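In mature numbering (1 follows the signal peptide of the UniProt record, and there is no 0), the protein residues as written are -18 to -1, 1 to 398.
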């Protein structure tokens, strides 16, 4: 037994240096009977330091799949991009420094695995699905070896709700943002179109709530169709009617609601449709005249800024500076504007900037701003008021940026 005890002591007292040394051969007939452990397995075991074991155990929950990569992407550009983006959105849960610790890329199939420092940072990265990287909208997903039940004990499984996605051009809530009853199917897209070009085309009718081009999972190339949804659902049928059947090089667009719907254009939407169709026709004329266009081989370009309807209507040539200086006349004009403008829809507010007491003119003086609850009201008002004669002047009605109006900025350019 003395020999047996000696062998046991030597085994247990081996310091954890990473590898166990070879086990000395026991005396025949003693240890094999008492401890029948196969020597080869013990000799090949490796002992990981505690931090390494933790990293290995959490790796499946710290990795992020990124698909549909642009052709020139490499490990360095991917790591730099996602580290910067994570910092910009406030997603660095592990503190200062780069969130990305490792990148493996498959150039042939255009996808990569991006390893984050922490489980929480990997979950925050899930909010980046659809982000534009080098002109391409990439897919951000969990890898196939991700185990939700195991990951639940390692950290948050969902992105932090207060990430600043707007800082990187993403709209909060765009994950699945192209879903819902107002989801639009867009087919017949030329394969050479970039995601940025497609998005620009669609946004000629208004800001998007969600946007997703379907791509081949192996090559990352566009399959020629995708889905989108507008922030303002009222332009859904208008965009479908204007874009469906549009010639794009050798392709013809198919644009319709993804879900079953009559898709009938309402009377109050007819003007928006007419304006969109006129805009498209003008751009085709520009192409025929030889003007350069951003989309190769396509008879459509987008004006800047895009003249899509907003809930704010700006009127000019309606009031004079002298009328605004007189308190009594100003009150009468304000009341008349409320009554007249209220005929076209649900009116929220009427703003008529006035000169300040010292006579100095401030931005917006001479303009009348009508705020409606929706674009239906502003569209009706524009149709009725634009071009009307008032006190010998011809009234101009134009859509005004909602963000500028909400900030009290009345000096921005309106969109006719």
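Every residue gets a Cβ at the ideal spot worked out from N, C-alpha and C, and that includes glycine. Model, not experiment: these values are computed from the prediction.
- Between residue 147 and residue 71, the C-beta spacing is below 8 Å.
- Residue pairing of residue 121 in beta bridges, as defined by DSSP: 49.
- The beta carbon of residue 150 sits closer than 8 Å to those of 67, 70, 71, 110, 113, all from its chain and outside the five residues before and after it, given in chain order.
- Exposed is the label assigned to residue 385, since fewer than 16 other Cβ atoms lie within 10 Å of its Cβ.
- Here residue 46 is near residue 104, since their CB atoms are less than 8 Å apart.
- Going by C-alpha positions, residue 134 is about 11 Å away from residue 102.
- Cα atoms of residue 235 and residue 182: separation of roughly 15 Å, rounded to the nearest angstrom.
- In the structure shown, the three-state DSSP call for residue 336 is coil.
- Contact between the segment 198 to 215 and the segment 170 to 181 is present: three or more C-beta pairs spanning the two stretches fall below 8 Å.
- Of the candidates 351, 52, 216, 52 places its Cα closest to the Cα of residue 178.
- Between residue 197 and residue 50, the C-beta spacing is below 8 Å.
- Within the same chain, 71, 72, 73, 106, 109 come within 7 Å of residue 145 by CB-CB distance, once the 5 residues on both sides are set aside.
- Here the C-alpha atom of residue 136 lies approximately 30 Å from the C-alpha atom of residue 56.
- Just so you know, the alpha carbons of residue 358 and residue 122 end up roughly 37 Å apart.
- CA-to-CA, the gap between residue 120 and residue 96 works out to about 13 Å.
- In the structure shown, residue 228 falls within a coil segment according to DSSP collapsed to helix, strand and coil.
- Listed as beta-bridge partners of residue 186 by DSSP are no residues whatsoever.
- Going by C-alpha positions, residue 294 is about 21 Å away from residue 306.
- In the displayed model, residue 198 falls within coil according to three-state DSSP, outside both helix and strand.
- Of the residues 325, 318, 340, the one whose Cα lies closest to the Cα of residue 334 is 318.
- Following the DSSP letters along the chain, one finds residue 316 inside the alpha helix (DSSP H) bounded by residues 309 to 323.
- The Cβ atoms of residue 379 and residue 297 lie closer than 8 Å to each other.
- Only buried fits residue 98, as 16 or more other CB atoms lie within 10 angstroms of its CB.
- For residue 217 against residue 193, the beta-carbon gap comes to about 14 Å, at or over 8 Å, which does not count as contact.
- The residue from 132, 303, 396 with its alpha-carbon nearest to that of residue 339 is 303.
- In summary, residue 90 is exposed, with fewer than 16 beta-carbon neighbours lying within 10 Å of its beta-carbon over all protein chains present.
- Of the residues assessed, residue 195 falls on the buried side of the cut-off, its CB having 16 or more other CB atoms within 10 angstroms.
- Within the same chain, 106 come within 6 Å of residue 142 by CB-CB distance, once the 5 residues on both sides are set aside.
- Each residue's CA atom was taken as its position, placing residue 63 and residue 389 some 32 Å apart.
- The C-beta separation of residue 355 from residue 330 comes to about 6 Å, placing the pair in contact by the 8 Å criterion.
- Boundaries for residue 216: no beta strand (DSSP E) harbours it, and the DSSP string shows neither H nor E there.
- Separation of residue 39 and residue 208 (C-alpha to C-alpha, rounded to the nearest whole angstrom) is 37 Å.
- Excluding residues up to 5 positions away in sequence, 392, 393 lie with their Cβ nearer than 6 Å to the Cβ of residue 345 in the same chain.
- With contacts defined by Cβ atoms closer than 8 Å, residue 211 and residue 239 do not form a contacting pair.
- For residue 292, the secondary structure class from DSSP, reduced to helix, strand or coil, is coil.
- For the options 100, 93, 86, 92, the alpha carbon positioned closest to that of residue 80 is the one of 100.
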